[in-house]
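Going line by line, the protein sequences match chains W and C. If you use this note's numbering, the first sequence corresponds to residues 18 to 248, in order. If you use this note's numbering, the second sequence corresponds to residues 3 to 588, in order. Just so you know, even glycine gets a beta-carbon here, dropped at the ideal spot from N, CA and C. Step one of this worksheet: look at the structure below.
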Amino acid sequence: MRFRVYRYDPESGAGPGMRDYVLDIEARGKMVLDALLALKEQDDSLAFRRSCREGVCGSDGVNINGINALACVTPLSGLREPIEIRPLPRLPVVRDLIVDMSQFFRHYRAVKPYLINLDPEPEIERLQSPAERADLDGLYECIQCACCTTACPSFWWNPDRYLGPAALLAAYRFIADSRDQATEERLDYLEDPYRLFRCHGIMNCVEVCPKGLNPTAAVGTIKAMLVNRTL
Amino acid sequence: MIPKRSFDAVIVGGGGAGLRAALQLASREHKVAVLSKVFPTRSHTVSAQGGITAALGNVSEDSWHWHMYDTVKGSDYLGDQDAIEFMCRNAASVVYELEHMGLPFSRLANGKIYQRPFGGQSKHYGGEQAVRTCAAADRTGHAMLHTLYQRNIAARTQFFDEFFALDLVRDAEGYVLGVVALEIETGEPWLFEARATLLATGGAGRVFRHSTNALINSGDGLSMVLRAGLPLEDMEFWQFHPTGIPGVGCLMTEGCRGEGGYLVNREGERFMTRYAPHALDLASRDVVSRAIAQEIDAGRGCGERGDHVLLKLDHLGEETIRTRLPGIRELAIRFAGVDPVETPVPVTPTVHYMMGGIPTNLHGQVVTPMRYGPEEAVPGLYAVGECACVSVHGANRLGGNSLLDLLVFGRAAGEHMLEYLHDNPYPRPLPKSGPEPALARLARWDKAEGSERVAAIRADMQDIMQNRCGVYRREDSLRQGIAELTEVELRMARAGLDDHSHVFNTARIEALELENLLLIARATLVCALARTESRGAHAREDHPDRDDDHWLRHTLYFRDGDALDYKPVRLKPLTVEPFQPKERRY
């Protein structure tokens, strides 16, 4: 199979470019990560992140034939050749397929992604009904791979001020938790022309999320809550 | 001299164990650094599926005493009963704590934490099946790791992401004074000086060809300990999880069988009825893995090559699978090409967990034989999680006990480190040699041009371990494995890299990881050859019985000359009556 892979080595003095590779690999049952690992055996200077190799850790988000995806759960079969693999868009490239995620995680930390509940802790668990818990389905499964945020045109324009779909989904995950008491504080922070309202419902995030989550819907709900509380 | 950072404590590893310990330390006014070679939520804890075991009794009557009995029995009596009591006693409190931190546990109709049956669990000391494993669907590890990371954000823990720890720094009196670590992004080595160092570096499942483990599980902390001249404990005991997807290794949680799934062979027979008439598919993992291996050996395996059996889930109905096993369904569709709602999933025993590791006591202090006994604490050094051996898992771990282990002992180690820091308020002078050995390891790969390739050596090591040290072991094949591994080690000395850059040089990281894996492979083979009995996950065809007279003891392996030593199993619990070794049946 034929591959074109984005290469950039900041120490070499040469600019970034695409390099062509040919790989003798049976596509059936293999993922793009398998191909990257095989390419690295040919050329050990190829750098990319990977860990769980099963789509739960979020390390290997890359851009494959123009679409953000996890390399480890993207089947080789069905991909148009040469398969083009690039780093996730809009984040600074450290080297090859490795991007600097600092901005992405700054936005995550900014939404206070932790439960806030100031009541004394009971001796046992806090109770939560199955229906209340079901509100968290589709929110808590996020793996912070950044496929969504780096596919979002609003993020491309305002990466420093717009929080992006992953951070907004995290914000809503705690707003939606029946045990959390900081909804007002969270909404106050999000009520901002950039942080939240740069989301224009483009839905690229939904398109690319490897876990099948829907950040646009979460953003829509937050917007509705903001409208409702002014009425 | 390399640049230095100074902290009160350094934690190496950002998985569940490291993050839980970090929370304990962050709550006081200490300077703590967490080093992780990957961004913390990429750690292998994220892959844990089925749950965390604690006798909450939310579904049916339960007691930590029964949990303790099951764990002692599951360990094939090699577990230390004081440590097991400590863990089972504290189980409920660490689970409630996690719930208070915000972990999104699945819920029962009455709003309490959802629990499911898991293997080896019983009521009334061996009676009917208990329902003891607390779960967030089948993504408990993911939910736990993210929750712990989120709490650490709230606690403002200082993270050093993508720092690869190379070696411990020890002075002449044996005090551990920190670690040398490589900043992966710049390629620059740093000295992290600290009065207390905690290793929470996880397992080393990548020594085997077929493993459920993440690619990062290379036993880095274990090897640092070996290189520091300290021993590893019980390295012959590796758990083969009964249900990994053949070829790729992805795990199908034991929760599948907890929810009512079962295994069938080529003839469609539910074969566990013959191996474990009482517990059936929820027998202990070593028992189920051996049963599958025997079915495959007897020609009753499924598929063209007859190399697996089938995990049947389709009778559970789509609703149960959608709500209780959604991640499993996703993995089965992606990696086995079948939807478990309609089609049974191919599974085969796959390396999953190391019961052995860095010997520690109840407080997470690393212990070693010294002047006054077999378990003297190494000052300033702690270990928790899969890399540690307390030993609560003995010869075989029960499902749901590893997340519990890392929480209970992560918290305990954090507590003890606070005491240690209080008692040792001043940093000791760094030894003159300081980071030199670590830097020499690094320099070797900076220059090395060699004929041998790292990837090829790694593949050969994995094949040796898979073929010579699998579910069943024999003296001749283990000896052959050691001879073959020695060849591979010689090739490693001739290995080189093409990439000599500094910025994010992952080729060099992989080479350093392989150095670590090779030490673990050797330790495993040497320990497995020496133990001439079958106990828990260590099954010797040439010594099929458990031998309590000679082998009710822990193995200690030292790197220097492959030396072995032994220490007694702690059969006396803290407060309750001991469980005497008896025949183990499910």
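Note that the segment 182 to 194 of chain W does not touch the segment 131 to 146 of chain C; fewer than 3 beta-carbon pairs, one per stretch, sit closer than 8 Å.
Under the 8 Å Cβ criterion, the segment 308 to 325 of chain C does not count as touching the segment 366 to 385 of chain C, having fewer than three qualifying pairs. Exclusion of the five residues before and after D448 of chain C leaves H502 as the residues of its chain whose Cβ lies within less than 7 Å of its Cβ. With a cut-off of 8 Å on Cβ pairs, the segment 31 to 40 of chain W is not in contact with the segment 120 to 128 of chain W, counting fewer than three such pairs. In the three-state reduction of the DSSP assignment, K6 of chain C falls in the strand class. Residues of chain W with a Cβ closer than 8 Å to the Cβ of P5 of chain C do not exist; the shortest Cβ-Cβ separation is about 19 Å. Between E238 of chain C and R533 of chain C a beta carbon distance of about 5 Å is seen, short of the 8 Å cut, so the two are scored as contacting. Contact check for L193 of chain C against H354 of chain C fails: the beta carbons are separated by 8 Å or more. Taking a C-beta distance under 8 Å as the contact criterion, T345 of chain C and T214 of chain C do not qualify as a contact pair.
The alpha-carbon of P137 of chain W is positioned some 15 Å away from that of A199 of chain W.
Scanning the segment 433 to 521 of chain C for uninterrupted alpha helix (DSSP H) segments of 4 residues or longer gives 438 to 449, 456 to 470, 477 to 495, listed from N- to C-terminal end.
Identification of residues in the segment 173 to 186 of chain W having a C-beta nearer than 9 Å to some C-beta of chain C yields an empty set.
Rounded to the nearest whole angstrom, the CA to CA distance from Q117 of chain C to L144 of chain W is 14 Å. In the DSSP assignment, the residues bridged to G34 of chain W are W:R24. For Y125 of chain W and M242 of chain W, the gap between their C-alpha atoms comes out near 21 Å. Under a 10 Å Cβ-count criterion, V111 of chain W is classified as buried, with 16 or more other Cβ atoms of the shown protein chains found around its own Cβ.
Listed along chain C are P106, A145, each with a C-beta nearer than 7 Å to that of Y157 of chain W. Taking all protein chains shown into account, D113 of chain W has 16 or more neighbouring C-beta atoms within 10 Å of its C-beta and is therefore buried. By the Cβ-count criterion, Q26 of chain C is buried, with 16 or more other Cβ atoms from all chains shown falling within 10 Å of its own Cβ.
At the C-beta level, V392 of chain C and A85 of chain C come within 8 Å of one another. Boundaries for F41 of chain C: no beta strand (DSSP E) harbours it, and the DSSP string shows neither H nor E there.
When secondary structure is reduced to three states using DSSP, T557 of chain C falls in the strand class. For a cut-off of 8 Å, the C-beta gap from L228 of chain C to L521 of chain C is around 5 Å, short enough to register as a contact. Interface residue (Cβ-Cβ distance to chain W less than 8 Å): K114 of chain C is classified as such. Annotation for K57 of chain W: L63 place their beta carbon closer than 6 Å to its own, counting only its chain and skipping 5 residues before and after. With its beta carbon at least 8 Å from every one in chain C, I84 of chain W lies outside the interface. In the structure shown, P227 of chain W falls within a coil segment according to DSSP collapsed to helix, strand and coil.
Around the CB of Q367 of chain C, 16 or more other CB atoms lie within 10 Å, so the residue is classed as buried. Counting along the chain, no alpha helix (DSSP H) covers M372 of chain C; the unbroken beta strand (DSSP E) around it starts and ends at 367 to 372. Three or more beta-carbon pairs separated by less than 8 Å are not found between the segment 293 to 301 of chain C and the segment 332 to 340 of chain C, which leaves the two stretches without contact. Relative to P104 of chain W, the option among W:V116, W:R97, W:L230 whose CA is nearest is W:V116. Inter-segment contact for the segment 56 to 70 of chain C and the segment 541 to 558 of chain C is absent: fewer than three beta-carbon pairs are separated by less than 8 Å. A buried status is given to Q152 of chain C, since no fewer than 16 other beta-carbon atoms sit within 10 Å of its beta-carbon. Among the residues of chain C, none has a CB under 9 Å from the CB of V244 of chain W; the nearest is roughly 27 Å distant. Per the DSSP secondary-structure output, L168 of chain C pairs with nothing in a beta bridge.
Contact between K75 of chain C and R470 of chain C is ruled out by a C-beta separation of about 29 Å, above the 8 Å threshold.
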